[in-house]
Every structure is written in C-alpha cells, then in structure tokens.
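Here's the structure, in structure tokens; my notes come after.
There are 2 protein chains.
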Amino acid sequence: MTTPTPDFIEAIRATAASLRDELVADLRHLISTPSVTGEEGAVQEVVEAQYRRLGLEIDRWEPRVADLADWAEHVTEVENYDGRPNLVGVWPGAGGGRSIILNGHIDTVEPGDRENWTYDPYGAEIVGDRLYGRGSCDMKAGQIANQYAVRILQSLDVRLNGDVILQSTISEEDGGAGALAAVLRGYRADAAIITEPTELAVVPAQGGSLMFRIDVPGRSAHAATRNEGVSAIEKAALVLAGLLAFEQERNHSIDHPLYRDIANKIPINVGTLRAGTWPSSVPELAVMEGRAGLVPGEDLDTFKAQFLDRVEAIAAADDWLREHPPIVTFLTGQFAAADVPVDAPILTTLASAHKALTGAPPAMTAVTYGADMRHFVQAGGVPCVMYGPGDVRVAHYSNEFVPISEVVTVAETLALALCAWCGVAG
Amino acid sequence: MTTPTPDFIEAIRATAASLRDELVADLRHLISTPSVTGEEGAVQEVVEAQYRRLGLEIDRWEPRVADLADWAEHVTEVENYDGRPNLVGVWPGAGGGRSIILNGHIDTVEPGDRENWTYDPYGAEIVGDRLYGRGSCDMKAGQIANQYAVRILQSLDVRLNGDVILQSTISEEDGGAGALAAVLRGYRADAAIITEPTELAVVPAQGGSLMFRIDVPGRSAHAATRNEGVSAIEKAALVLAGLLAFEQERNHSIDHPLYRDIANKIPINVGTLRAGTWPSSVPELAVMEGRAGLVPGEDLDTFKAQFLDRVEAIAAADDWLREHPPIVTFLTGQFAAADVPVDAPILTTLASAHKALTGAPPAMTAVTYGADMRHFVQAGGVPCVMYGPGDVRVAHYSNEFVPISEVVTVAETLALALCAWCGVAG
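Put into structure tokens, the structure is as follows:
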C-alpha cells in the first residue's frame, strides 16, 4: 500500500463535499421507502436505480429456501423469499487487484409506537447534522456510504484493479438470510466491509446470540384462595434472578482481548414475559423469551448445554420448580459469534484510510451484538469487519438518526481504502 | 321457629330421594347449555321453563345500564344487557310470613383450554357422585337446589306464609350486575340465601376485592447493550416482591373474628404480567394486573389510598422507580366486602335446618372471595348468607364438578329452612 498524497486526500474531500446534497437526497429516498424485514421489495427498486446510475453490473434474485438448507439453523426460518430480492452491483476492476465486498442490509425493524417518535419515522427529516428516520443509521446510511465511495472514485476518474462488489441484502434483522444467500451464490472477495453503525470505530469482532424461551409452570387457583396455587410469575422472577447471576459469573470468567473494556460482554436479556390470563387467577404459566450473548471463540452447542444446566440448577434450588421444571426451548436465531485477527490486512487498510482522512486512528472495538459478519467469515471464509456511520444505541428505537457528517466521512474513508485495497489502475 | 318433627324431616328426605333423578336431569340440562358471562340468553330460556313447571310468577327483563348508574362503580361497565335477561320466579305465600330470596347466578366463566379437561365441559357427565362440567358447582347446582327446595315442599303439599323469590341472575362473574339489578328493581325480602359453592358451610361474610393494574416503566435498549437500558421486568419483580410484603403485613395486622383461621385473609394476587415486545430488546414496559382482597369492615377508598402509598414506597426504595414511578390504575370490579352479624336470624334458621337434616351443625366460615352478597346487603339492606353445594376451589378450573349428594342435601336443608323462616300456612 502506498501512502496517499495530501492532494488525493483533498480531492476526495472536495468531491465528497460536492456530492453531499446528492448523497443526502439518495439517503432520504431510501429512508422514506419503508423496508421492514419481509417487505424489502419496494426499496430494492430504489437501490437498483441507484446502482444503475453508478453503472454497476446488476444481479437481482430472490433467495430460495432450499439453497440455504445447509445453513438453515443460522437464519430465521421463513416459507419463502418471494418479493424480497437480494441485490448485488459489481464495479469491475481492471484486473490484478484484491476484490472487496461493501455490504449493507436494506431491511429495518418496525418503527414501533409512533407516539414515541418526535419525527415521522419515514419523513427523513433533517435537523442540523442529524437525519432522522427508521433505518437511517441501521443501515441505509451505510448502504449510501458504500455507493458514494464508488461515486467519489468515479468522479475522480479513478479506475481500480480489483472488483468492488456492492450488496443490498435482505433479512439481516431476523438472521441475515440475505447476506448468507449472497455468499452461497458465490460472492466471495478478499475482504468484506459492512457499514453497520459503529460510530466510525473499526469492529473486528461481533458477539453471538442465542434466543431462548423458558416456560415456567405454576398452579392455577382463584386469587381469593391464592395460597392453593403457585404463581408462575413469582417462579419466573426466581428464574430471572438466577439468569442474572449466571450473566454476572460469565462476565467474570470470560476473557477475550477485544471485550475487556465492555462491562457486559455477554448480556442475558429477558425481553418478553407473558404470564396469566386473568387478574383474579393465580397464573399457571409464565413464558419468558430472551437473548443470551456469546463472545467469539465460544461454541454455540457448548453454551446451550451450559444454559440448560444453569436453568436446571435454578430449578433444583426451589421446591416447586424441582418437581415442575421450567422448559427451555432454543428459538431460531442462533447466531454464532465471529471475529477476524486484529492484524488482518483489511483492518490495517481501513484504519490507515480513516487516519489519513480524519487525522486520528479509529477506535478499534468489539461489539456484543450480532450482524452479518459471521456469514462472510464462516460460510464464505471472507475476512470481514464493520465500520460505519451512526450509533447502534439509537438503531432500533424511536427517533433513530444518523449524523450526516459521519456518512460523508465513511464514504471518504471507503474511497481511500478501496484505492489501497484494490489498487489503482494505470 | 318450631322444631320440625322427625316424620317431617323423613318426608323431606324421601321426597328429595324420589325427585333425585329429575333434579339431576334438570341440572344436566343447565350445564349442557353454555352461559358464559355475556351469553346468558339461551340458559335463561331453560330456567324459565323450569320456573314455569313450578308454577312461579315469572318476571323476566333485561337490565338497563341507566338503572344501575348510581351503583356503576360496583359492577363491570358494559354497553348494554341486550339478550341477557334476568329472571325472577315468585312462589307467593299465603301471607303473614317472612319472605326470602333464593338467589343463584346463571353465568359461568369460560371453560378455558379444553385440553386440561378430562370431561367435556358441556357434557354434564356423571362419574360416581360427581357431576362434571363448567358451571356445575359455580353455580348451576345451587340454582337447581333452590328450585328443588320449592319442588319438595310442593310435592309435600306444604303452603308457606311468606313469599319465596327464586332468582336466576346474570353477570355475577364480572361484578354482579344481575343481582344488583334485581335489588334495584325492588326485589327485597327479609333474608336472602345465595347457594354459591360453600361445601355446605354457612357463610356470613365475604371478602372484598380491588382489581388493579400497575404499569412499570423501563428503558428500552438492544439486548446486546442491555446495560444501556432498564428492564421493566426486573423492576416489575421488585414491585411484586413489595406487594407480597404488603400482603404479609396486612395478614398480621388485620383482625376479623370470622377470618382468624384463614391463612391468607386478604390475598394480593398478581394474575397477569405482560412485558416487552421482542426477545432481544430490553423491555420498556411491564403491565401487571391483579386483585387485592379486603375483609368486611375495610373501606374500599381507604384501602385504595393505602395501596397507592405502598406502591409509592416500593418505588422510593429504587433509584430508577423513584424517578420513573409505576402507575397504578384501579380497574372496574371494585367489590366491597360484606358480612351479616353472626347472630342474624337467617343464620340460625339455616344452621338449625342443616343440623336437623345432617345430624351435625354446619361449619360457619368466612370466605375471601367476593360474590353477590354485597348487593343484597349494601344496595338492598337484605341480610344475606351463602350456603351451597360444591367446592369453590374447583369452581373456575378444568374438571369442575359438584357432588350430587350435596345438591340434594342443600335442597333438603332449604326446604326445611323455608318452613321455619316463612312459616307454614294452615
């Protein structure tokens, strides 16, 4: 890799600045086109038009369930992907350079309760540097940054040696069937970057997750004679307390170099609890659903066994639960953790480009959430990192936003990184 | 009251025995006609035909919401009672005697999950002495016992001095609008007996109940960064623990002579809990609904204030809840407790009749559940007790049943008690 000249860096900046309004307009177009997981058809039309403007070679296809069969347990089961195309746009290199995938998933979570939004979730409103809307940071901004990396280079008449493969994939929010389908269709490269919201940190490790359901039995009785019954809610509270103790122990015992600064490396979250059917009956069943985190290096099956053992131990300490044990089910959405070595070339390239553009090295951090990284790493054998605009903490909530300046910075960094990675022709 | 002769008691027994098959057939007819609260129309047709066979003077009417307006907070609010008639059948006395109301509500709770039933909830199957089905003990058996008390006396050519007012009232399970409407229509008497399932105990006191909802706030976050959020489920568990402590304190501090032998005099039951929307989000809201018990003599408004104070104190002890207090709402279904003096004449009469028929005095006990007693006592000024066949502990659950022999005993006891209470003519 050659050190970029100050002039070239300045040219990237100036070009990005001149394209800023178009970038914002394109991003607003994506945000204002709803694309909740399962309903990605309309937005892919918009992305395809954007890819065509860049002159990319388009591949658009609906994944088939049968093609994913060998990896079925790594994604959420669905009946089919009809009306939900994946989209790939290739900017072919001149030859002889390293290829790269720039991935962005195009689906979003539901907007949730509109009353919690100050801004229309599909209004794509701009307030200062913030662009608001569902999917703004997670991750339509990343998708647009990927496109504008190419756009900037094209504006500068730069031709790369290696292929740049842009992807707009579906179904990340429920397990990443889209990214997996792209890998299985044959899209591999020498590296992949996913522009998920990392606040411009370079992220070489993602946590895994195990979705679980625990049915906690009680015994029904009328509220007026509640001592005749056993409250499933009280017993669920015991199980919850036991799981939180388990989380604490795991946080102490697990050591992964990239996770040392993270207070809760492997969060165990009970996200839903449904118990009882009538205020004046003792609830006979409580159903908890949740998500337990894993760090890279942990094996899913080993962890499942540990989890089951722990629930059994919690039950063994209670007279009722010992005789009426909670039933644990692992749900679809069992996501392995993944990481790439901290000295992987794509990391160095990305970090150098970021430093050249911003003047400081990027933070390098692991994350506890799961994303499509694992599909590239595990199914594809492609070294993959995340680096993108916005803060994941606002990603799934009301008033999600992305700082426009960060979207521009990511586009600039990627443009520079592509030159270093793929090589500049001629 | 005169002591009944052994011959008369024997005649009652013999007549009841000769009518046993008819009693069972009539009860099975009621059980096999579904009458979940809100859908009492069909079963009232059956009861009306039964009342007509007894030659009673029929009054059948649909209560009007406007007529109940002054007592609206004592029953569940509904839009109207169309298609849900109340039914009263009067057996007029010769004059000069005390009148009595024999009340039975005709509505039942839902059968619930059929898989939990060994017997068809509407099959009215007989196994040994047990008659199974939804509403068998709660309280179609009581309704039939009331009818057969009259039937036995008519078979013996007994004419009473006082009026006997049979009632088949709707909507007990959600607050007793039917009994209240009967009282407000003008049906008063010198005493009332409700043949709710008491296992042949005489019950002069019923508990009150307050239905509540508590919204416990959390703060949402992605499960992977759950320390950024606050789990509403964990906070709800704190509130629950606080309410259980409150229940324990109240059990120690409350002293009511009829409740001394009851381990949990004023149960606080959290019957439902709904929290969170997604396993991998920190739940931002937990909603608990429940029922708190009161003993007779406690004032509903005073207790409400105590309940609110307690929830506030629970919140004050937690950093999050102090700043984000749970919101308490009292639901419709605020039922006052009620009792009659333990030396009330109707108690003595009933106890004597029971002893004459069975050879032993009945148990006299309070109950912690609410029923229509309070409407007779409070809205009507009518001394009211409960005495009936079956066990309330099976009342709302799968495989509800009533012992047929107890239905017969109640019919016999009532027949004898009516003679003593109303006086025998001629």
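Listed in order, the protein sequences are those of chains V and D. So for the first sequence, our numbering puts the first residue at 1246; every next one is plus one. So for the second sequence, our numbering puts the first residue at 1246; every next one is plus one. Just so you know, even glycine gets a beta-carbon here, dropped at the ideal spot from N, CA and C.
Are any of the Cβ atoms in chain D nearer than 8 Å to that of residue i?
i: Asn1644 (chain V); result: no
i: Val1722 (chain V); result: Beyond the ends of chain V as shown, which are 1246 and 1671, falls residue 1722 (chain V); an answer cannot be given.
i: Gly1264 (chain V); result: Inspection of the sequence shows that residue 1264 (chain V) is occupied by Leu rather than by Gly. Chain D contact via Cβ: absent.
i: Arg1638 (chain V); result: yes
i: Leu1347 (chain V); result: no
i: Ala1261 (chain V); result: no
i: Trp1523 (chain V); result: yes
i: Arg1505 (chain V); result: no
i: Leu1485 (chain V); result: yes
i: Met1609 (chain V); result: no
i: Met1456 (chain V); result: yes
i: Arg1536 (chain V); result: yes
i: Arg1298 (chain V); result: no
Taking residue i as the query, report the chain D residues whose CB atoms sit under 7 Å from its CB, ordered along the chain.
i: His1641 (chain V); result: His1467, Ser1526
i: Ala1482 (chain V); result: Ala1482, Leu1485
i: Ile1478 (chain V); result: Leu1485, Val1515, Leu1518
Assign residue i to one of three DSSP states: helix, strand, or coil.
i: Asp1327 (chain D); result: coil
i: Ser1454 (chain D); result: strand
i: Arg1379 (chain D); result: coil
i: Val1448 (chain D); result: strand
i: Glu1360 (chain V); result: helix
i: His1350 (chain V); result: strand
i: Gly1578 (chain V); result: strand
i: Pro1648 (chain D); result: strand
i: Trp1523 (chain V); result: coil
i: Asp1271 (chain D); result: helix
i: Glu1290 (chain D); result: helix
i: Thr1282 (chain D); result: coil
i: Met1246 (chain V); result: Since pLDDT at Met1246 (chain V) reaches only 47, below the 50 mark, its modelled position is unreliable, and the value read off the structure follows with that caveat. Coil at Met1246 (chain V), not helix or strand.
According to the Cβ coordinates, are residue i and residue j closer than 8 Å?
i: Asp1352 (chain D); j: Glu1302 (chain D); result: no
i: Ile1410 (chain V); j: Leu1661 (chain V); result: no
i: Leu1539 (chain V); j: Gly1420 (chain V); result: no
i: Val1655 (chain V); j: Thr1414 (chain V); result: no
i: Pro1442 (chain D); j: Ala1583 (chain D); result: no
i: Arg1434 (chain D); j: Ile1511 (chain D); result: Residue 1434 (chain D) is actually Ala in this sequence, not Arg. Not in contact: Ala1434 (chain D) and Ile1511 (chain D) (Cβ atoms no closer than 8 Å).
i: Ala1482 (chain V); j: Pro1541 (chain V); result: no
i: Tyr1220 (chain V); j: His1467 (chain D); result: In the structure as shown, chain V begins at 1246 and stops at 1671. Residue 1220 (chain V) is therefore absent and cannot be evaluated.
i: Thr1321 (chain V); j: Pro1524 (chain D); result: no
i: Ile1673 (chain D); j: Ser1381 (chain D); result: Lying before the first or after the last residue shown, residue 1673 (chain D) is absent from chain D, which here runs from 1246 to 1671.
i: Ile1397 (chain V); j: Ala1261 (chain V); result: yes
i: Leu1425 (chain V); j: Ala1665 (chain V); result: no
i: Trp1362 (chain V); j: Asn1644 (chain V); result: yes
i: Ile1438 (chain V); j: Tyr1632 (chain V); result: yes
Closest Cβ-Cβ distance between residue i and chain V: below 8 Å?
i: Glu1494 (chain D); result: no
i: Tyr1614 (chain D); result: yes
i: Thr1440 (chain D); result: no
i: Arg1519 (chain D); result: yes
i: Gly1633 (chain D); result: no
i: Glu1543 (chain D); result: no
i: Val1653 (chain D); result: no
Looking only at its own chain, which residues have a Cβ that is under 6 Å from the Cβ of residue i, when we skip the five neighbours before and after it?
i: Ile1513 (chain D); result: Leu1488, Glu1492, Ala1537
i: Thr1574 (chain D); result: Arg1458
i: Met1246 (chain V); result: At Met1246 (chain V) the pLDDT is 47, less than 50, meaning the model places this residue with poor confidence; the figure from the coordinates comes in the next sentence. Cβ neighbours of Met1246 (chain V) beyond the five flanking positions: Ala1665.
i: Glu1473 (chain V); result: Ala1466
What does residue i touch in chain V if you count any residue whose Cβ is under 7 Å from its own?
i: Ala1508 (chain D); result: Asn1472
Leaving out five residues before and five after residue i in sequence, what residues of the same chain have Cβ atoms less than 7 Å from its Cβ?
i: Ala1718 (chain D); result: Residue 1718 (chain D) falls outside the range modelled here, since chain D spans only 1246 to 1671, and no answer is possible.
i: Ile1649 (chain D); result: Val1269, Asp1374, Leu1376
i: Val1335 (chain V); result: Leu1301, Glu1302, Asp1408, Ile1410
i: Arg1265 (chain D); result: Val1653
i: Glu1255 (chain V); result: none
i: Glu1355 (chain V); result: Val1281
Which residues in chain V have a C-beta closer than 9 Å to the C-beta of residue i? List them in chain order.
i: Gly1452 (chain D); result: Ala1469
i: Pro1675 (chain D); result: Residue 1675 (chain D) is absent from the structure shown; chain D starts at 1246 and stops at 1671.
Using a C-beta to C-beta distance shorter than 8 Å, which residues of chain V count as neighbours of residue i?
i: Pro1571 (chain D); result: The premise fails here: Pro1571 (chain D) is roughly 15 Å from chain V at the closest Cβ pair, so nothing lies under 8 Å.
Give me the chain D residues within the contact set of residue i, using Cβ-Cβ distance strictly less than 8 Å, ordered along the chain.
i: Pro1512 (chain V); result: Ala1468, Ala1469, Thr1470, Arg1471, Asn1472
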